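Notes for the one structure printed next.
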Amino acid sequence: MHNITKYRIAHCMTGAPRILYKEELYVAYRRQALDKLPGDLFVILDLMNKTDTIHGVNMTDNQPKRYTAALKYLTPRKIEWIPSNNRLGVLDDEHGYARWQLCLEHIEQAEKQDGIKYDSIVRTRPDLYIAKDLPTADLLPKNRILINPYYECLQDIPSGYNQTWPDHQRPCDKNNQGLSDFFAIIPRSLADPYMRVAYIQNLPNMCG
-1 MHNITKYRIA
9 HCMTGAPRIL
19 YKEELYVAYR
29 RQALDKLPGD
39 LFVILDLMNK
49 TDTIHGVNMT
59 DNQPKRYTAA
69 LKYLTPRKIE
79 WIPSNNRLGV
89 LDDEHGYARW
99 QLCLEHIEQA
109 EKQDGIKYDS
119 IVRTRPDLYI
129 AKDLPTADLL
139 PKNRILINPY
149 YECLQDIPSG
159 YNQTWPDHQR
169 PCDKNNQGLS
179 DFFAIIPRSL
189 ADPYMRVAYI
199 QNLPNMCG
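Position one of the sequence shown corresponds to residue -1 (the working numbering), numbered consecutively onward.
Here it is as structure tokens:
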């Protein structure tokens, strides 16, 4: 779906598809994300096999055919399946950051093909449920990245609007490091360092 508004938005969805086949999930992404920020969707999905495990659960049915309805509904401009064990040249890529750069490369190809530059990139995971409308493009920041923190534990979620994420931020350690792979909205001008983070040498720990 090509953006016909004055704002050009690219959506980048990467990772293990997991529950993307569920109608409520992919319909929510269409309604809350693509309909609010119309643009081109680029999808990089992990091709799993029956020996793969996610959080200790064996994957028994995670083949592309299971996601046909979801992908048809979302109408991506580009779909690429990558074997889950393909680290794309990165020695340690537990969080799948290397897929971000691959998605950015597809975005760059589209920009070259169309002779345009996107204004913003929405980066998300295929198993993430978008519960409410994303902001319209005119409200997106031009000079900073919006990142959804992990909130892995209930106590980490702010109890009200007077609390902010830094009030709850845990120190970077073995279990809490790296950029959150959940969701982010990135101005195109800041996309290169963010989307290529997997290939930056001697990168210090950064809490997500």
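All C-beta atoms in this analysis are idealised placements derived from N, C-alpha and C, irrespective of residue type, glycine included.
Remember, predicted model here, so these are calculated numbers, not experimental data.
Query: In terms of residue numbering, what span does the beta strand (DSSP E) encompassing Thr122 cover?; Result: Ser118 to Thr122
Query: Could you check if Lys172 is buried or exposed, using at least 16 other CB atoms within 10 Å of its CB as the buried criterion?; Result: Low confidence applies to Lys172: its pLDDT is 49, below 50, so where it sits in the model is not reliable enough to give any reading.
Query: Contact defined as beta carbons within less than 8 Å: I believe Ile7 pairs with Ala135. What is the distance between those atoms, to the nearest angstrom?; Result: 6 Å
Query: Starting from Ile143 and walking both ways along the alpha helix (DSSP H), at which residues does that stretch end?; Result: Neither: Ile143 is in no alpha helix (DSSP H) and is coded neither H nor E.
Query: Report the residue from Lys76, Tyr116, Tyr127 and Val25 whose alpha carbon sits nearest the alpha carbon of Ala67.; Result: Val25
Query: Roughly how many whole angstroms lie between the Cα atoms of Asp31 and Arg75?; Result: The question names Asp, yet the displayed sequence has Ala at residue 31. Going from the Cα of Ala31 to the Cα of Arg75 covers about 16 Å.
Query: Could you tell me the boundaries of the alpha helix (DSSP H) in which Pro191 lies?; Result: Ala189 to Met193
Query: Determine, using beta carbons only, whether Arg16 and Asp179 come nearer to each other than 8 Å.; Result: no
Query: Within the same chain, show all residues whose beta-carbon is closer than 6 Å to that of Ile184, passing over the 5 residues directly before and after it, in chain order.; Result: Ile119, Ile143 and Tyr192
Query: Check Leu138 in the structure and name its three-state DSSP category.; Result: coil
Query: What would DSSP say about Pro15, mapped onto helix, strand or coil?; Result: coil
Query: Would you kindly work out how many angstroms separate the C-alpha atoms of Pro133 and Leu39, rounded to a whole number?; Result: 17 Å
Query: Within the continuous beta strand (DSSP E) that includes Ile77, where are the two ends?; Result: Lys76 to Pro81
Query: Compare the C-alpha of Leu5 against each of Arg194, Pro139, Asn146 and Asp190 and name the closest.; Result: Checking the sequence, you will find Tyr at residue 5 rather than Leu. Looking at the Cα atoms, Pro139 is the closest of the given residues.
Query: Please report the residue range of the beta strand (DSSP E) in which Ala182 lies.; Result: Phe181 to Pro185
Query: Have a look at the DSSP bridge pairing and note the partners of Leu45.; Result: Pro81
Query: Spatial neighbours of Thr122 within its chain, please: CB distance less than 6 Å, with the 5 preceding and 5 following residues excluded, ordered by chain position.; Result: Met11 and Phe181
Query: Hey, how far is the Cα of Tyr95 from the Cα of Tyr27?; Result: 21 Å
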